[in-house]
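Novice:
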Amino acid sequence: MTQRLLPVVALAATLLAPARAQAQASGPETPTAPAAPAADKPQPWYRPRHVVLQTAGGLGMISAGAGYAYFNDKVETDILLGYVPKKFAGSTLSLASAKFIYSPFTLRLAEKWQLKPLSVGAYFSYTHGTLNDEERGQYTRDYYWWSSDTRYGPLAGGRITYVRPTKANARPRNVSFYYDLSTNDLYLQSYVTNTKGLSLGQILVLGLGLKADF
Amino acid sequence: MGSCDMLEFSPNDHRVPEDERDLTAKNLERLRQTPLPPGDTLRFVFTGDSQRFYDEADDLVASVNQQPGISFFVVAGDISDFGFAKEMRWVNEKLRKLKVPYVTVIGNHDAVGNGREAYKHIFGPLNYSFVYGDTKFILVDTNGREYNFDGHIPNMPWVNQQLGDLQGARRQVVISHVPPQDEDFDPGVRNAYAQSLREARNLVFEMNGHRHSFSIGQPYNDGVWYVNSDAFSERRYMIVTVWGDKQFRIKQIKF
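Shown next as structure tokens:
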């Protein structure tokens, strides 16, 4: 049982970061934050703010989705659907993932270029199409203590943004390229129980993507 | 591992560089290059269950590399813990530092999720055999529970065909992960398997992993020896010496 808690504890730090950001963002500073000029027509709350296209990062050979941004764009939630062809994984996989990202700093590099040097966060993914992921009655309870299909883990990365002129209704149209380094609960479990035999670099997974406001 | 390697599509992604593919065939090719003259005593290292014991693996390799007169090294399954290609590669990263070639057989943990496909891609066939010196080795998938006891694991027609043909060898050894007396072995195939081993010509013993604990005995009281290995975590391995029709000696080594 204790071994299950190890990655959870390791994850807690990264998960807490966005939570603190929310706490700060809802504090007294928020009203003074520079707001975009009033839009012609307010967008419904459920309309995503950006679309995302990503490769790797454990979320698919290719994954695509949409996301929301809050608290002056410091906190984002992206929802992605990913795909891995059979020849790379033994079966065709579809992945549904959610990423929670906190980017505390934005640096202006040039008139049209911005840099978010550090983003931290976490992801959760569910894989459909795995071959041997438990038929009814196959195993006794807790035979394997982990799920073959559900993964979660911390991530950290950065992005560079090309600032495009806003739309007529003042909605931003920025395009960003991002990378993130992540790991998953089971790789993390492998590492924390073998800090001599494995290096941190061996458990890191790289993801690259594009994000476009619309 | 380079940055291309880090661009992982999923933990089930089993793409690997060419030199990390077909490791069984590559290791057997290495073994063929150091043939054992007919009549010579054979000595090999037997262990099992490397799963998520990377700290121990370094010490194990260092210890085995000190042993003289070893021909090869066997891991009796559960190379990985979660059935991921990355784990199999981490273990290979350790075991490729052995001075001798190593061979594996698939374990139940290697068959979880898409692990079976990863194992085939990185190591090779789930059932295979080879002859070295005077001994034929038969390595067979006995992880019946991973197939939900479908009645086909182990593949008895294949096992019988292998046991029936010594291919010029004097004796034979069967190696698998789950021992037949274990509850993870398909109960519908258990008797047929034990009977085939009982009737096999010059079978030295049947060797297993899975239980993480050393044992040697005749659970069916039928003259067939069953040998179970310690896991890497127990910091013990066996040096197995085989000669004559079916003589053997097993020495436990602590590391």
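Those protein sequence lines, which keep their order, are chains A and B. In terms of the numbering used here, the first sequence opens at residue 1 and continues consecutively. In terms of the numbering used here, the second sequence opens at residue 1001 and continues consecutively. Note that beta-carbon positions come from the ideal geometry of N, C-alpha and C, so glycine has one too. Predicted model only: the values in this text are computed from it and were never measured.
#1: Could you check the C-alpha separation between A:G158 and B:N1012 for me, to the nearest Å?
#2: Are at least three pairs of beta-carbons, each pair with one atom in the region 1191-1201 of chain B and one in the region 1155-1165 of chain B, less than 8 Å apart?
#3: So, B:L1126 versus B:D1150, is the Cβ gap smaller than 8 Å?
#4: Using the beta-carbon count (16 or more within 10 Å), is A:A19 buried or exposed?
#5: For A:T106, which residues of its own chain have a beta-carbon under 6 Å away from its beta-carbon, when the five flanking residues on both sides are left out?
#6: Tell me the residue span of the beta strand (DSSP E) that contains B:D1058.
#7: From A:L188 to B:P1101, what does the alpha carbon distance come to, in whole angstroms?
#8: I'd like the span of the beta strand (DSSP E) that includes B:I1138, first residue to last.
#9: Cβ of A:Q138 within 8 Å of Cβ of B:R1089?
#10: Inspect the CB distances between the region 118-134 of chain A and the region 75-95 of chain A and report whether three or more fall short of 8 Å.
#11: Output yes if chain B places a C-beta closer than 8 Å to the C-beta of A:Q54; else output no.
#12: Which residue or residues does DSSP assign as beta-bridge partners of A:P154?
#13: Take the Cβ of A:A39 as the centre, count every other Cβ of all protein chains shown within 10 Å, and call the residue buried at 16 or more, exposed below.
#14: Determine, using beta-carbon pairs with one atom in the region 1021-1031 of chain B and one in the region 1076-1087 of chain B, whether at least three such pairs fall under 8 Å.
#15: Touch check for the region 1091-1108 of chain B and the region 1170-1181 of chain B: three-plus C-beta pairs under 8 Å?
#16: Would you call the region 1061-1072 of chain B and the region 1188-1197 of chain B in contact, with 3 or more CB pairs under 8 Å?
#17: In whole angstroms, give me the CA-to-CA distance for B:V1112 and B:E1020.
#18: State the CB to CB distance for the pair A:G121 and A:L155, rounded to an integer number of angstroms; the pair is presumed to be in contact (CB under 8 Å).
#19: Specify the secondary structure class of A:G201 as computed by DSSP and reduced to three states.
#20: Going by Cα to Cα distance, which pick from B:L1098, B:F1137 and B:Q1181 is closest to B:R1170?
#21: Ignore the nearest five residues each way along the sequence and tell me which others in B:R1052's own chain have a CB closer than 6 Å to its CB.
#22: List the residues of chain A that B:E1008 touches, going by C-beta distances under 7 Å, in chain order.
#23: Under 7 Å Cβ-Cβ, which residues of chain A neighbour B:A1118?
#24: Considering only the beta carbon of each residue, do B:V1227 and B:F1205 sit closer than 8 Å?
#25: Drop a sphere of 10 angstroms on the beta-carbon of A:T217, count the other beta-carbons inside from all chains shown, and report buried for 16 or more, exposed for fewer.
#26: Using a C-beta cutoff of 8 Å, does B:N1092 count as contacting chain A?
#27: The beta strand (DSSP E) with B:R1249 in it runs from where to where?
Specialist: On the basis of the supplied data:
#1: Approximately 26 Å, taken between the alpha carbons.
#2: When Cβ pairs closer than 8 Å are counted between the two stretches, the region 1191-1201 of chain B is seen to touch the region 1155-1165 of chain B, the count reaching three or more.
#3: Not closer than 8 Å, so no.
#4: Any reading at A:A19 needs caution, since the residue's pLDDT is 41, under 50, leaving its predicted position unreliable; the model's value is listed next. A:A19 is exposed by the Cβ-count criterion.
#5: Cβ neighbours of A:T106 within its own chain (closer than 6 Å, five residues either side excluded): Q114 and K116.
#6: Looking at the DSSP string, B:D1058 is not in any beta strand (DSSP E); the run it does join, the alpha helix (DSSP H), is Y1054 to V1064.
#7: A:L188 and B:P1101 have their C-alpha atoms spaced approximately 30 Å apart.
#8: Counting along the chain, B:I1138 sits inside the beta strand (DSSP E) bounded by residues T1135 to V1140.
#9: Contact flag unset, no.
#10: Counting Cβ pairs under 8 Å, three or more are found: they touch.
#11: It does not: the Cβ of A:Q54 has no partner Cβ on chain B nearer than 8 Å.
#12: In DSSP, A:P154 forms a bridge with A:A122.
#13: Caution is warranted here: a pLDDT of 49 is assigned to A:A39, below 50, making its placement in the model unreliable, and the coordinate value is therefore given only provisionally. So A:A39 counts as exposed.
#14: No: fewer than three Cβ pairs fall under 8 Å.
#15: Short answer: they touch.
#16: No, they do not touch.
#17: A straight-line Cα-Cα distance of about 20 Å links B:V1112 and B:E1020.
#18: Right, the Cβ-Cβ distance comes to about 5 Å (below 8 Å), so this counts as a contact.
#19: A:G201 carries a helical assignment under DSSP once its states are collapsed to helix, strand and coil.
#20: Nearest to B:R1170 by alpha-carbon distance, out of B:L1098, B:F1137 and B:Q1181, is B:F1137.
#21: Excluding sequence neighbours, B:R1052 sits near D1081.
#22: A56, G58 and V205, listed in chain order.
#23: Those are G90, listed as they occur along chain A.
#24: Going by C-beta atoms, B:V1227 is nearer than 8 Å to B:F1205.
#25: Since the first residue shown for chain A is 1 and the last is 214, residue 217 of chain A is missing from the structure and cannot be characterised.
#26: No - not a single Cβ of chain A is within 8 Å of the one on B:N1092.
#27: Residues Q1247 to K1254.
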